[in-house]
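Please read the structure below before turning to the comments.
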Amino acid sequence: MKQKRLVVFNILLITLLLVGFISAQVSDNFFNGIKPTVEPPNVKLRCFGDSSPDNTISCVFWESLSFIDYMWNGNADLGTIGWFAKYLFLALIVILIYSSLQFVDFPENNGLKFALSLVVGFLSTALISTSEVIGLMLSYTALGITLITFFPIMILMFFTVMISAKANPMGIFFQKIMWWTYFAYLLIKAGFLLIAKGFYSTASTSSGTEKLFQFFLGEDYKVLASSTSGSVLTVLVIVALAVWYFAIKRNDHMVRWINDNKVEAEKVAQESDIKRSAAYDKTRAQAMEGDRDLIKRR
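Residue 151 in numbering that gives the first Met the number 0 sits at position 152 of the sequence shown, and the numbers go up by one each step.
Printed below as a string of structure tokens:
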């Protein structure tokens, strides 16, 4: 059994690496014309050498933090929602990998599963440029809408099913927090853009409203609002409200429904095993009866 799980885990890991490589190639071609607004840092290893400080460990720690801060440094012209999109993307990748590891139940230690998911998720997102992540998560093309609606809902549903099947209280609480996070992101993203589109068309934006839109949507919110279809934004708002109703307000009912279906599926599987066992016993009994008749004839 463990050998089978190891094979499945290796296949899953190879698949993730291939998907990451293909995604990198596609994104490189897709965003070939996009120039990142954040320049590479001038990394100097001042913690070592002739002029190294007394406390080398502390120096390395703070330099590491500054490098990570650079890797996650958001573009100022994209606003809070742009910064938030990167972390939501990271969380979705981590949840997808963790749920997959939970499904194959390898490795057996949950802490190791989470650590592995975090490392792979970090490498999958931190090494992608800011322009790539933001360009995908904030766009309203077919690919962008898929990434902000179908992809997160599919991952969160898979995570909810895995957690509900194991009846983990902490996991159930965490999946509800993730549903809240996704709902807030989608509602603020689509709702503010829809409102901004109305203000932009009527040219009635006040200075206070201008700052509010810039804080959530970035400096170029007028361009994004004017270039986005109002019907698309309306659909996204409806999707956000549907997520709130079905996945948040009725989260307990959803978890209970998943558990009930899990119990029903287990019951059907047990009944099928019993029927197969009964058919096997019947066939074996008939064979043994035939053997006894043959012995008597001899």
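Each residue gets a CB set at the ideal place from its N, CA and C atoms; glycine is no exception.
Predicted model, so just to flag it, every value in this text is computed and none were measured.
Asked                                                                                                                           : Found
Cβ-Cβ distance between residue 196 and residue 247 below 9 Å                                                                    : no
Buried versus exposed, by CB contacts within 10 Å (16 or more), residue 122                                                     : exposed
Three-state secondary structure assigned by DSSP to residue 280                                                                 : helix
Assigned secondary structure, residue 30 (DSSP; H/G/I helix, E/B strand, else coil)                                             : With a pLDDT of 39 at residue 30, under the threshold of 50, the modelled position of this residue cannot be trusted; read the value that follows with caution. Residue state, collapsed to three classes: coil.
Contact set for residue 251: own chain, Cβ-Cβ below 7 Å, skip 5 residues either direction                                       : none
Sufficient close CB pairs (3 or more, under 8 Å) joining the segment 252-261 to the segment 180-190                             : no
Backbone CA spacing between residue 151 and residue 266 [nearest angstrom]                                                      : 31 Å
Per-residue burial, residue 264 [other beta carbons within 10 Å of its own, 16 or more giving buried]                           : exposed
Stretch pair the segment 233-246 + the segment 177-187: three plus CB contacts closer than 8 Å                                  : yes
Residue 166 in three-state terms, based on DSSP                                                                                 : coil
6 Å CB neighbourhood of residue 242 in its chain, flanking five on each side removed                                            : 182
Span separating the alpha-carbon of residue 100 from that of residue 244                                                        : 29 Å
Member of 96, 91 and 286 whose CA lies at the smallest distance from the CA of residue 180                                      : 91
Proximity below 9 Å, CB of residue 102 to CB of residue 161                                                                     : yes
Pair within 9 Å by beta-carbon distance, residue 158 and residue 94                                                             : yes
Outcome for residue 279 when other beta-carbon atoms lying within 10 angstroms are tallied against a minimum of 16              : exposed
Cut-off 8 Å between Cβ atoms - residues of its own chain near residue 112, not counting five sequence neighbours on either side : 97, 100, 101 and 106
Cβ neighbours of residue 148 in the same chain (closer than 6 Å, five flanking residues each side left out)                     : 238
Residue 228: first and last residue of the uninterrupted alpha helix (DSSP H) it sits in                                        : Per DSSP, residue 228 belongs to no alpha helix (DSSP H) and is neither H nor E.
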